[in-house]
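>
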Amino acid sequence: MQKTPCSRFPARRLAISLALMLSALPAAHALEIQLPPETASYQPSELPGYRLVQQNCMTCHSAQYVSTQPQSLGRAYWDATVKKMKTAFGAPLRDEDIPVMADYLVRTYGAERQTTAAAAVSPAPAASAKPAPAKAHDASSLLAANNCLACHAVDKKVVGPAFHDVAAKYAGQADAVSTVMRSIRAGGSGKWGSVPMPPFADVSDADLRELAGWVLGR
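Numbering (mature numbering (1 follows the signal peptide of the UniProt record, and there is no 0)), first residue to last: -30 to -1, 1 to 188.
Given below as structure tokens:
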């Protein structure tokens, strides 16, 4: 009995069978890879650069990068890194803020962190009297001081939601002001998209209430 080409070549027969089976399957979907969101936050500090870093850096990425850098890196490295964010990537940084941000980074993550940690152990002098509650600033100055308009606009989405959309979402809710106050103070992500909003923990209650009321009135 004469053998067919396929019976004489089992490997070829197997390959043909596999090809026929695969051709009957639906087209494969493109592989989707979803990385976990970056959630590492910057180390809180009384240094003025901490607030600037929170406002300007967390809008695009977390603290994952700085926390993995060698702790021996000096002030010149961090100054150059912050400058690169402006010159190479277009970050809206003021020139006078760059050395302030670099100071926070080198004293928190870089070569000068030991002296900063030692200074933090020293007890602070006792306050002579309890300070009076802070008076709220007007909304326009608060928006400027906290760089809110870098990520928000009144009537359109920028990085974060439009103020008009926030007002519409919480319209008619009795706890709207306190809800927005908590969102500003704690920051977070997921309510309006995947880009995290940095926390503004050092804004006073009076200023938070002023900001929340202004946003809800848009």
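Beta carbons are placed, not taken as given, at the ideal position from N, Cα and C, and that holds for glycine.
In angstroms, rounded to a whole number, what distance separates the CA positions of ARG179 and ALA156?
The residue given as residue 179 occupies position 209 in the sequence shown. The residue given as residue 156 occupies position 186 in the sequence shown. Approximately 14 angstroms, taken between the alpha carbons.
> Within 10 Å of its beta-carbon, does THR29 have 16 or more other beta-carbons around it, so buried, or fewer, so exposed?
Position 59 of the sequence shown, counted from the start, is the residue given in the question as residue 29. Result: buried.
> Taking its Cβ as the centre, do 16 or more other Cβ atoms sit within 10 Å of TYR79, making it buried, or is it exposed?
Position 109 of the sequence shown holds residue 79. Label assigned to TYR79: buried.
> How many whole angstroms separate the CB atoms of ALA120 and PRO62, which I take to be in contact at a CB cut-off of 8 angstroms?
Along the sequence shown, read from residue 1 onward, the residue named residue 120 stands at position 150. Along the sequence shown, read from residue 1 onward, the residue named residue 62 stands at position 92. With 8 angstroms as the limit, ALA120 and PRO62 qualify as a contact, their Cβ atoms being about 6 angstroms apart.
> Using 10 angstroms around the beta-carbon of PRO168, count the other beta-carbons present and answer buried if the total reaches 16, otherwise exposed.
To locate residue 168, count along the sequence shown from 1; it is residue 198. Under this definition PRO168 is a buried residue.
> What are the boundary residues of the alpha helix (DSSP H) that includes LYS53?
Taking the sequence shown and counting its residues from 1, the one referred to as residue 53 is at position 83. It spans 45 to 57 - the alpha helix (DSSP H) in which LYS53 sits, taken as one unbroken run.
> Please tell me whether VAL150 and VAL173 are closer than 7 angstroms, where the distance is taken between their beta carbons.
If you number the sequence shown from 1, residue 150 lands on position 180. If you number the sequence shown from 1, residue 173 lands on position 203. In this structure, VAL173 does not lie closer than 7 angstroms to VAL150 by Cβ.
> Would you give the residue range spanned by the alpha helix (DSSP H) that TRP184 belongs to?
Within the sequence shown, numbered from 1, the residue matching residue 184 stands at position 214. First-last of the alpha helix (DSSP H) with TRP184: 175 to 186.
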